[in-house]
Amino acid sequence: MAYLSSEVRNKINHDERIKYKRENWGRVKGGYSSSGNKLVIKIPEFNEELSEFLGIMFGDGNSYFKRGYKIGIYAVRITGDSRYDKPYLGIFVNHLVENLFGLKGKISYPKHGNVIVISFYSIKLIQKLNELGFPPGDKIKNKLKIPEWIKSNQIFYKAFIRGLIDTDGSIFRMSNQDPQLLRISLTNFIPDLLDEIRNGLIDMGFNPSKIICNKHFYLSRKDNITKYIKEIGFSNSKHINRLKILQNQSPVV
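So the number in the working numbering is just where the residue sits in the sequence shown, counting from 1, plus 575.
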């Protein structure tokens with residue numbers, strides 16, 4: 576997904592908070608007595624699905640919690656492009672979270688650009704994500720790092736990378752002069768996280784580019800693209816469909 580400015584993100588957060596207050600006002604007596612606080616969630620074991628979900632959260636996810644006098648505001652959100660990410664968020668991610676935690680998300684379309692948001696209102700989910708290494712608040716300020724239980728297991732690590740690139744990545748043709756060459760890119764604004772992912776890919780036998788402008792790197796070699804598709808792949812239909820189009824135009828993998 577394209578990077579959203581802080582102004583747009585603040586507007587989205589504000590709209591979501593107002594919407595949530597309106598939906599619950601009058602039936603919620605205090606944030607900590609709300610149904611979202613009492614809601615029991617499933618506690619998944621460390622597995623491939625959980626690793627992929629954390630990759631998604633590290634990419635386009637956000638966890639927000641604030642205790643108010645009359646109502647607690649809390650939400651786990653994943654944001655995407657409404658033109659391309661509706662099947663991914665509405666079907667794949669929704670089913671993934673339901674399988675992992677027993678929660679169903681709510682889809683909304685903020686009035687700020689081509690944005691789609693899936694939200695999960697559960698304090699316990701926020702608390703569990705915090706335990707897993709994804710604390711509430713600003714991801715850049717929190718200086719997120721990949722949990723050791725993911726880094727120590729290559730299957731989990733690949734699933735995490737898949738979730739991250741499904742949200743923060745893209746696939747495209749390198750240039751019109753070289754239509755047979757494809758490129759997978761990852762753009763993220765947490766330098767240490769980018770460095771971890773790049774080093775992890777190197778350990779798996781990939782040859783990523785250097786990190787450019789502290790925010791992105793690429794996989795460009797033909798054998799690397801083939802290896803990525805076979806060993807890691809995509810869950811986001813946006814990337815799958817894009818890959819098919821490029822392959823049909825210039826079948827190289």
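Beta carbons are placed, not taken as given, at the ideal position from N, Cα and C, and that holds for glycine.
- What residues are listed by DSSP as bridge partners for V651? S638, F695
- Whole beta strand (DSSP E) runs in the segment 722-776 with 3 or more residues, listed along the chain? 744-750, 753-762
- C-alpha distance - K716 paired with G780, whole-angstrom precision: 31 Å
- Identify the residues that DSSP records as bridge partners of S792: which are they? Residue 792 is actually Phe in this sequence, not Ser. According to DSSP, which records beta bridges pairwise, F792 is partnered with L761.
- Message: Measuring only the C-alpha atoms, how far is S657 from G665?
- Response: 10 Å
- Can you tell me whether DSSP reads D656 as helix, strand or coil? strand
- Item | Contacts around G744, its chain only, beta-carbon distance under 7 Å, and the 5 residues preceding and following it disregarded | I759, S760, L761
- Query: Given that a residue counts as buried once 16 or more other Cβ atoms are within 10 Å of its Cβ, and exposed if not, what is G775?
  - Reply: buried
- Item | Residue from N789, L818, K813, S750 with nearest C-alpha to P803 | According to the sequence provided, residue 803 is Tyr. The question's Pro does not apply to it. Among N789, L818, K813, S750, the Cα nearest to that of Y803 belongs to L818.
- Message: Please return the same chain residues whose Cβ sits closer than 6 Å to the Cβ of I740, not counting the five positions on each side in sequence.
- Response: L761
- Item | Own chain residues within Cβ distance below 7 Å of I807, not counting five before or after | K733, I736, R737
- Rounded distance between the beta-carbons of E627 and S810, thought under 8 Å: 7 Å
- Message: To test your reading of the DSSP string, which unbroken beta strand (DSSP E) runs of 3 or more residues are found completely within the segment 664-688?
- Response: 681-683
- Under 8 Å by Cβ, that's how I've got I866 and P711 pegged, so tell me the actual separation to the nearest angstrom. Residue 866 falls outside the range modelled here, since the chain spans only 576 to 828, and no answer is possible.
- Query: What residue does the alpha helix (DSSP H) around D713 start on, and which one ends it?
  - Reply: Segment: none, D713 is in no alpha helix (DSSP H) and carries neither H nor E.
- Query: Which of helix, strand or coil does DSSP assign to I618?
  - Reply: coil
- What do you reckon, are the CB atoms on L675 and P722 nearer than 8 Å? no
- Nearest neighbour of I800, chosen from S683, Q755, V668, D770 [CA to CA]: Q755
- Excluding sequence positions up to five away, which residues of its chain have a Cβ less than 6 Å from the Cβ of S795? R758
- Report the rounded CA-to-CA distance for F764 versus Y639, giving the unit in angstroms. 19 Å
- I653 and G636 closer than 8 Å at C-beta: yes
- Since I787 sits in a beta bridge, which residues does DSSP pair it with? H791
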